[in-house]
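**Student:** Residue numbers (my numbering): 319 to 766.
Think of the CB as a built atom: it goes at the ideal place given N, C-alpha and C, for glycine as much as any other residue.
Below: one structure in structure tokens.
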Amino acid sequence: MKILHISLTPQGSDYVSLRYFWDNPNQYEERRLPLAEIKDLGNQAETNYYTRIPVDYAITGQKLYHWLDGNNRLLANALKESQQQGLIIAIAADKGLAHLPWELLHDGQCFLVEKQPPIIPIRWVSNSQSIVIVTQPKNRALNVLFMATSPLDVEPELDYEAEEGQILEATKRTPANLRVEESGCLTELSYVVGEYEKNYFDIFHLTGHATHQNEKPCFLTEDEYGCLVYSNTSEIATALRYPLPPLIFLSGCRTGYASDGVVPSMAEELLNLGATAVLGWGQNVRDKDATEAASRLYWELSQGETVAKAIASTYQSLIKQNARDWHKLRLYISNTLPQALVTPLRTKGRKQLPKPTTTLEFRDDENRLRVASREEFVGRRRQLQNCLRTLKTDYNKVGVLIHGMGGWGKSSIASRMWDRLPDYEKILWWRQIDESNLIKALRELLCK
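Quick look at the structure:
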């Protein structure tokens, strides 16, 4: 796919020039216009798009198309020149341009993202240099790190277990390796990342609620007890450890939203912290649409498709399903655009998915008390958080009793607490409970 760069250069305090170029930033077509014109477009977007009852999206898209096209038909000529290859329209994120809903670009016949070969707009956090295409696919299956956050007492409560299940189900049909971090906590996320070699994960997917705190974008994550933590982009990047994955998907409402050109979106902030490419949502998004977008995207990427074509396919798939929020998905990049993250399925020597581990995890010396491993431990977040809160903060209680029917995961919850309480002395007491066994266990611990 060819890349049409549209950069923005200040011309004094009240004017800017839009420069349209392909590979060489010194060979460009130029339009000079007042800054007030961009501000007026932003105001129209607030009235006609970012509203409960928006104007017909095709009308909004045609207005943006004609504005970007200009009197010299710069956009139309670029479309003709690239009609055999497809086109990436990289639009500078400066001076409020990132606020405009470029995904709706419409030429009077259809949305540009519906065309074949694909045409997609992206938000380009630029230094006016041309975008570098990085083609370094790993000859293996796609590795995705997924974490859902849903702090206590935050509404609406996410059905994160259902979303985890849907993502897992979708990736079962594709050769993708999905690693789920079940805690919703950045500290625990950092531990998981540390278990793997650098550059192991191709994608980090974070789903939950986003907001602004002290005029800065942040994500609502959890502490180890499930309580609300306002996590900024620096804290997210630190938890992921450098170098960051090639693609980060912030699947939270308005993570790709930048209103006034002064406060950047969360996606843009992550780029400034070293991320390569970040996906976010420009407004509130339906859970169903967000999950469908992730499923389609990861399926395409796992087949060895490029990032740009995978996102184009995601738009088209959502449109065919009449997904209300398809146009809210936004890709931000800096000066590097990753191509395919992994090789196609039939590539010679391609490493396939590792076989599911057959190693069983036991806690007792006799290897009879089987528990779920950390990778398998999904869906018991609240129970584990309640236990940790009681043991670490409620000194009026002497302990925690986990009870229920056999085979429902009581021992696995206790085993995960065992891992999460490294400063505590542990005694494994299983089966027969009587005074002599307790004394024996205490003696063995104290006489070490």
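Do the CB positions of Leu405 and Lys320 come within less than 8 Å of each other?
**Tutor:** Yes.
**Student:** By DSSP's criteria, Trp442 is part of a beta bridge. Which residues make up the other side?
**Tutor:** Its beta-bridge partners are Ala410 and Ile651.
**Student:** Quick one: Cα of Leu678 to Cα of Ser730, how far?
**Tutor:** For Leu678, the predicted model reports a pLDDT of 45, less than 50, meaning its position is unreliable; a value from the coordinates is still stated below. Approximately 12 Å between the Cα atoms of the pair.
**Student:** When you compare only the Cα positions, how much space is there between Pro455 and Thr624?
**Tutor:** When rounded, the distance between both Cα atoms is 9 Å.
**Student:** Measuring CB atoms only, is the region 364 to 382 touching the region 419 to 436, in the sense that at least three cross pairs come out at less than 8 Å?
**Tutor:** Yes: at least three Cβ pairs fall under 8 Å.
**Student:** Should the region 570 to 586 be regarded as contacting the region 492 to 512, the criterion being three or more beta carbon pairs within less than 8 Å?
**Tutor:** Segments in contact, no.
**Student:** For the candidate residues Pro563, Gly330, Lys606 and Gly727, whose alpha-carbon lies nearest to that of Leu460?
**Tutor:** If we check each option's Cα against that of Leu460, Pro563 comes out closest.
**Student:** So, Gly600 versus Tyr616, is the Cβ gap smaller than 8 Å?
**Tutor:** Not closer than 8 Å, so no.
**Student:** Taking the C-alpha atoms as reference points, what is the distance between His323 and Val472?
**Tutor:** Approximately 41 Å, taken between the alpha carbons.
**Student:** Determine the DSSP secondary structure at Cys536, reduced to helix, strand or coil.
**Tutor:** Strand, per DSSP.
**Student:** Have a look at Gln621, Leu619 and His645 and flag the residue whose alpha-carbon is nearest the alpha-carbon of Val603.
**Tutor:** Nearest C-alpha to Val603: His645.
**Student:** Using C-beta distances below 8 Å, list every residue in its chain close to Lys627, excluding the 5 sequence neighbours before and after it, in chain order.
**Tutor:** For Lys627, where only same-chain residues beyond five positions count, the Cβ hits under 8 Å are Met319, Gly404, Pro436 and Glu618.
**Student:** As a quick exercise: from Thr525, Pro439, Ala408 and Pro372, pick the residue whose alpha carbon is nearest that of Asp341.
**Tutor:** Answer by Cα proximity: Ala408.
**Student:** Excluding five sequence neighbours on each side, which residues of the same chain lie with their C-beta closer than 6 Å to the C-beta of Ser620?
**Tutor:** Excluding positions up to five away in sequence, the list reads Leu460, Thr492, Pro493 and Ala494.
**Student:** Taking the C-alpha atoms as reference points, what is the distance between Val443 and Leu588?
**Tutor:** One C-alpha to the other measures close to 11 Å.
**Student:** Let me confirm a value: Ile751 is counted as buried when at least 16 other C-beta atoms fall within 10 Å, else exposed. Which label applies?
**Tutor:** So Ile751 ends up on the exposed side.
**Student:** According to DSSP, simplified to helix, strand and coil, what is Arg572?
**Tutor:** DSSP places Arg572 in coil when its eight states are reduced to three.
**Student:** For Lys495, does the three-state DSSP call read helix, strand or coil?
**Tutor:** Reading off the sequence, residue 495 comes out as Asn, not Lys. If DSSP states are grouped into helix, strand and coil, Asn495 belongs with the strands.
**Student:** Determine the extent of the alpha helix (DSSP H) in which Tyr616 is found, giving its start and end residues.
**Tutor:** Note, Tyr616: alpha helix (DSSP H), Asp605 to Ser620.
**Student:** Alpha carbon to alpha carbon, how far is Ala394 from Pro662?
**Tutor:** Their Cα atoms are separated by approximately 33 Å.
**Student:** When the Cα atoms are used, what is the spatial distance from Phe680 to Gln670?
**Tutor:** Confidence is the limiting factor: at Phe680 the pLDDT is only 49, short of 50, which leaves the residue's position unreliable, though a coordinate-based value still follows. If I take the Cα positions, the gap works out to 28 Å.
**Student:** Measuring from the CB of Ala394, is there a heavy atom of the ligand ADP at a distance below 7 Å?
**Tutor:** Looking for the ligand ADP in the displayed structure turns up nothing, as the structure carries no ligands at all.
**Student:** Quick check on Cys838: buried or exposed, where buried means 16 or more other Cβ atoms within 10 Å of its Cβ?
**Tutor:** Nothing about residue 838 can be read from this structure; the chain reaches only from 319 to 766.
**Student:** Measure from the alpha carbon of Ala528 to the alpha carbon of each residue in Asp520, Gly725 and Leu546, then state which is nearest.
**Tutor:** Checked all of Asp520, Gly725 and Leu546; the closest Cα to Ala528 is Leu546.
**Student:** Going by DSSP in three states, Ser775 sits in which element: helix, strand or coil?
**Tutor:** Because the chain is modelled from 319 through 766, residue 775 falls outside the range shown and cannot be assessed.
**Student:** Using alpha carbons as the reference points, say which of Cys428, Asn653 and Lys534 lies closest to Asn445.
**Tutor:** Closest by alpha carbon: Asn653.
**Student:** With the cut-off set at 8 Å, would you say Ser549 and Phe537 are in Cβ contact?
**Tutor:** Closer than 8 Å, so yes.
**Student:** Which runs of the alpha helix (DSSP H) fall wholly inside the region 355 to 396 and span at least 4 residues, in chain order?
**Tutor:** As far as the region 355 to 396 is concerned, its whole alpha helix (DSSP H) runs of at least 4 residues are 375 to 387.
**Student:** Can you tell me whether Glu499 is buried or exposed? The criterion is at least 16 other CB atoms within 10 Å of its CB, across all chains shown.
**Tutor:** Buried is the call here.
**Student:** For Tyr333, list the residues DSSP reports as bridge partners.
**Tutor:** DSSP output for Tyr333 lists Gln329 and Pro352 as bridge partner(s).
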